[in-house]
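Participant:
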Amino acid sequence: MRDNEGVGGENQPADPNQSGPLNPARIIQTDFGAAYCADSISLMRDYVGDQTVDLIMTSPPFGLVRKKDYGNADADEYVNWFRPFAAEFRRILKPEGSIVIDIGSAWNRGLPTKSLYQYELLVTLCKEFQFHLAQDFFWWNPSRLPTPAEWVNVRRIRVKDAVNTIWWLSRTPWPKASNRRVLQPYSDSMEQLLVNGYRAKRRPSGHDISTKFSRNNGASIPPNLLAVANTESNSRYLRYCQEHGIAPHPARFPATIPEFFIRMLTDPADFVFDPFAGSCVTGEVAERLKRKWLCGEIEERYVRGAVGRFPDVPQLTMLGVEVIPITQSDVFYKIPRPGKLWDADGGTPLPKDGGRSRPVKGLRDTNSGLRDSTEG
11 MRDNEGVGGE
21 NQPADPNQSG
31 PLNPARIIQT
41 DFGAAYCADS
51 ISLMRDYVGD
61 QTVDLIMTSP
71 PFGLVRKKDY
81 GNADADEYVN
91 WFRPFAAEFR
101 RILKPEGSIV
111 IDIGSAWNRG
121 LPTKSLYQYE
131 LLVTLCKEFQ
141 FHLAQDFFWW
151 NPSRLPTPAE
161 WVNVRRIRVK
171 DAVNTIWWLS
181 RTPWPKASNR
191 RVLQPYSDSM
201 EQLLVNGYRA
211 KRRPSGHDIS
221 TKFSRNNGAS
231 IPPNLLAVAN
241 TESNSRYLRY
251 CQEHGIAPHP
261 ARFPATIPEF
271 FIRMLTDPAD
281 FVFDPFAGSC
291 VTGEVAERLK
301 RKWLCGEIEE
311 RYVRGAVGRF
321 PDVPQLTMLG
331 VEVIPITQSD
341 VFYKIPRPGK
351 LWDADGGTPL
361 PKDGGRSRPV
371 KGLRDTNSGL
381 RDSTEG
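The numbers in our numbering rise by one with no breaks, and the one at position 208 of the sequence shown is 218.
See below:
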């Protein structure tokens with residue numbers, strides 16, 4: 011950082027016409043970082059030096075068609091809105107550093123079709139700003155409700171959206187990283203394989219499985235599908251907001267998401283920056299993992315609420331951060347293999363108009379033989 015070296019959201023409003031405070035206001039100061047109420051463009055230009063950041067970990071506002079109370083840009087305007095941030099990201103990121111962007115999808119207004127805005131953003135970041143796509147990740151939220159309701163619950167012509175895309179970008183094809191930091195337990199089938207053994211051979215797919223495949227390394231390399239339920243309901247942050255009459259941020263991502271990437275892509279004392287800090291989940295995780303951090307959030311009410319993530323103690327420790335115990339049932343989420351109920355509807359014909367006509371509540375759907383899902 012330029013002026014305060016050694017100090018340190020999820021969704022900053024993305025209204026192209028909205029600007030932050032003229033002067034960044036520091037709301038939170040801890041041993042490892044700080045959170046500012048500020049327009050993040052100004053915050054980066056005034057406080058963050060060239061090539062000083064090891065990881066930009068953020069969940070920017072999604073390009074939504076229907077306005078939310080925390081602000082957002084229309085999907086068509088999103089890439090233009092993001093360009094000034096991208097230019098600053100390239101300036102402040104170390105050559106070996108990474109950018110991780112959690113970004114959800116958007117549906118076109120009034121239509122059961124998807125916007126391409128997050129893919130347009132990815133192409134722009136890679137082609138125009140010369141970032142590399144190190145890997146794409148997908149965050150599956152097992153607890154997400156069936157949405158969008160009109161297309162999923164009422165007209166029954168789409169399945170529920172339950173996955174966010176996460177882009178891991180870098181300035182070089184060789185950013186510093188190690189998957190040894192994020193290993194996960196073996197599955198039951200792998201545990202059985204280790205007990206029963208595996209015969210090395212070439213599989214029909216062409217993969218040559220060697221004897222090393224049956225070696226017990228103690229843990230498994232995770233896939234790029236991150237299964238994390240977003241079910242926060244009684245955390246210290248929410249209790250703090252309730253006690254102080256502060257509306258909590260409506261689009262928080264679970265701490266497991268930034269923690270996965272902070273562990274994988276940074277070392278202790280590295281510098282983590284979140285320009286769309288929201289309720290400062292990234293800062294909370296970075297503090298616990300002893301990384302230097304800086305968070306910027308344009309809405310003061312969200313930064314004020316984020317104070318609840320940082321107890322007023324001289325030094326945060328694992329005991330200072332609320333940790334939700336993990337039970338055995340939380341180790342693996344289960345998703346059904348397609349096909350279990352494929353004959354349940356009796357093979358009735360599809361609606362010939364593609365779902366254009368909205369079902370009348372309470373009446374039987376003559377095309378599918380099923381009642382309107384709004385009845386339960």
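Note that CB positions come from ideal geometry on N, CA and C, so glycine has one too.
Is the stretch 293 to 301 close to the stretch 342 to 350, with three or more CB pairs under 8 Å?
Facilitator: no
Participant: Use the C-beta contact count for residue 368: other C-beta atoms within 10 angstroms, 16 or more gives buried, fewer gives exposed.
Facilitator: As a working mapping, residue 368 is identified with position 358 in the sequence shown. Residue 368 should be labelled exposed.
Participant: So, is residue 128 buried or exposed, given that buried needs 16 or more other C-beta atoms within 10 angstroms?
Facilitator: Here residue 128 corresponds to residue number 118 of the sequence shown, with the count starting at 1. Note on residue 128: 16 or more other CB atoms within 10 angstroms of its CB, so buried under the neighbour-count rule.
Participant: Give a yes or no on whether 9 Å exceeds the smallest Cβ distance from residue 102 to chain D.
Facilitator: Although the question refers to chain D, the structure presented lacks it and comprises just one protein chain.
Participant: Check this for me: beta carbons of residue 172 and residue 139, under 9 Å apart or not?
Facilitator: The residue you call residue 172 lines up with position 162 of the sequence shown. The residue you call residue 139 lines up with position 129 of the sequence shown. No, Cβ-Cβ distance for residue 172 and residue 139 is not below 9 Å.
Participant: Under 8 Å: does the beta carbon of residue 112 sit that close to some heavy atom of the ligand FAD?
Facilitator: Because no ligand of any kind appears in the structure shown, any question about the ligand FAD cannot be addressed here.
Participant: Grouping DSSP H, G and I as helix and E and B as strand, with all else coil, what is residue 240?
Facilitator: The sequence position of residue 240 within the sequence shown is 230, counting from 1. Looking at residue 240 - three-state DSSP - the assignment turns out to be coil, as it is neither helix nor strand.
Participant: Kindly list the residues whose CB is nearer than 6 Å to the CB of residue 230, restricted to its own chain and excluding five residues on each side of it in sequence; keep chain order.
Facilitator: In the sequence shown, the residue the question calls residue 230 occupies position 220. Once the five neighbours on either side are set aside, the close Cβ partners of residue 230 are 194, 196.
Participant: Just tell me which of 298, 242, 108 has its CA closest to the CA of residue 61.
Facilitator: Working through the sequence shown from its first residue, we reach residue 61 at position 51. With respect to the C-alpha of residue 61, the residue from 298, 242, 108 having the closest C-alpha is 108.
Participant: When you compare only the Cα positions, how much space is there between residue 185 and residue 102?
Facilitator: Taking the sequence shown and counting its residues from 1, the one referred to as residue 185 is at position 175. Taking the sequence shown and counting its residues from 1, the one referred to as residue 102 is at position 92. About 15 Å.
Participant: Please report the distance separating the alpha-carbon of residue 366 from that of residue 155.
Facilitator: Sequence index remark: in the sequence shown, residue 366 carries index 356 (1-based). Sequence index remark: in the sequence shown, residue 155 carries index 145 (1-based). Their backbone Cα atoms lie some 23 Å apart in a straight line.
Participant: My output table needs one value for residue 290: the three-state DSSP class, helix, strand or coil.
Facilitator: As a working note, residue 290 is residue 280 in the sequence shown. Coil, per DSSP.
Participant: State yes or no: is the C-beta of residue 71 within less than 9 Å of the C-beta of residue 286?
Facilitator: For the purposes of this step, residue 71 is identified with residue 61 of the sequence shown, where counting begins at 1. For the purposes of this step, residue 286 is identified with residue 276 of the sequence shown, where counting begins at 1. For residue 71 and residue 286, yes; Cβs fall inside 9 Å.
Participant: With the cut-off set at 9 Å, would you say residue 63 and residue 283 are in Cβ contact?
Facilitator: Here residue 63 corresponds to residue number 53 of the sequence shown, with the count starting at 1. Here residue 283 corresponds to residue number 273 of the sequence shown, with the count starting at 1. Yes, the Cβ-Cβ distance between residue 63 and residue 283 is below 9 Å.
Participant: Under the three-state reduction of DSSP, which class applies to residue 230: helix, strand or coil?
Facilitator: To locate residue 230, count along the sequence shown from 1; it is residue 220. Residue 230 falls in the strand class under three-state DSSP.
Participant: Pull the bridge partners of residue 67 from the DSSP assignment, please.
Facilitator: For the purposes of this step, residue 67 is taken as residue 57 along the sequence shown, with counting starting at 1. According to the DSSP secondary-structure assignment, residue 67 is paired through a beta bridge with 110.
Participant: Less than 9 Å between the C-beta atoms of residue 177 and residue 135, yes or no?
Facilitator: Numbered from its first residue, the sequence shown carries residue 177 at position 167. Numbered from its first residue, the sequence shown carries residue 135 at position 125. Against a cut-off of 9 Å, the Cβ pair of residue 135 and residue 177 comes out as a contact.
Participant: I need the straight-line Cα distance from residue 187 to residue 362, nearest angstrom please.
Facilitator: Stepping through the sequence shown from its first residue, residue 187 is reached at position 177. Stepping through the sequence shown from its first residue, residue 362 is reached at position 352. Each residue's Cα considered, the two are about 51 Å apart.
Participant: Note down, in chain order, each residue of its chain lying with its Cβ closer than 6 Å to the Cβ of residue 37, except the 5 sequence neighbours on either side.
Facilitator: If you number the sequence shown from 1, residue 37 lands on position 27. So the qualifying residues of the chain are 45, 47, 313.
Participant: Between the Cα of residue 316 and the Cα atoms of 33, 39, 113, which residue gives the shortest distance?
Facilitator: Here residue 316 is taken as the residue at index 306 of the sequence shown, counted from 1. For the residues 33, 39, 113, the minimum Cα distance to residue 316 belongs to 39.
Participant: What number of angstroms, rounded off, separates the C-alpha of residue 157 from the C-alpha of residue 163?
Facilitator: As a working mapping, residue 157 is identified with position 147 in the sequence shown. As a working mapping, residue 163 is identified with position 153 in the sequence shown. Going by the C-alpha atoms only, they are around 8 Å apart.
Participant: Tell me, please, which residues DSSP counts as bridged to residue 283.
Facilitator: Your numbering for residue 283 matches position 273 in the sequence shown. 66, 304, per the DSSP bridge assignment.
Participant: Return the chain-ordered list of same chain residues with a C-beta closer than 8 Å to the C-beta of residue 182, the five sequence neighbours on each side being excluded.
Facilitator: If you number the sequence shown from 1, residue 182 lands on position 172. These residues qualify, in order along the chain: 105, 106, 142.
Participant: For the beta strand (DSSP E) holding residue 90, just list the boundary residues, first then last.
Facilitator: Numbered from its first residue, the sequence shown carries residue 90 at position 80. Not the beta strand (DSSP E): residue 90 falls in the alpha helix (DSSP H), residues 88 to 102.
Participant: Tell me the residue span of the alpha helix (DSSP H) that contains residue 270.
Facilitator: Against the sequence shown, residue 270 aligns to sequence position 260. Start and end: 266 to 275.
Participant: So, is residue 236 buried or exposed, given that buried needs 16 or more other C-beta atoms within 10 angstroms?
Facilitator: Locating residue 236 in the sequence shown gives position 226, counting from the first residue. Looking at its Cβ environment, which holds 16 or more other Cβ atoms inside 10 Å, residue 236 is buried.
Participant: On the three-state DSSP scale, how would you describe residue 60?
Facilitator: As a working note, residue 60 is residue 50 in the sequence shown. Three-state DSSP puts residue 60 in coil, outside helix and strand.
Participant: Leaving out five residues on either side along the sequence, give the residues of the same chain with a beta carbon under 6 Å from the beta carbon of residue 189.
Facilitator: Numbered from 1 along the sequence shown, position 179 holds the residue referred to as residue 189. So the list reads 231, once near-sequence residues are dropped.
Participant: Check whether the Cβ atoms of residue 274 and residue 191 lie closer than 9 Å to each other.
Facilitator: Position 264 of the sequence shown, counted from the start, is the residue given in the question as residue 274. Position 181 of the sequence shown, counted from the start, is the residue given in the question as residue 191. Against a cut-off of 9 Å, the Cβ pair of residue 191 and residue 274 comes out as a contact.
Participant: Rounding to the nearest angstrom, what Cα-Cα distance links residue 280 and residue 42 in this structure?
Facilitator: Position 270 of the sequence shown, counting from 1, holds the residue named residue 280. Position 32 of the sequence shown, counting from 1, holds the residue named residue 42. Their Cα atoms are separated by approximately 10 Å.
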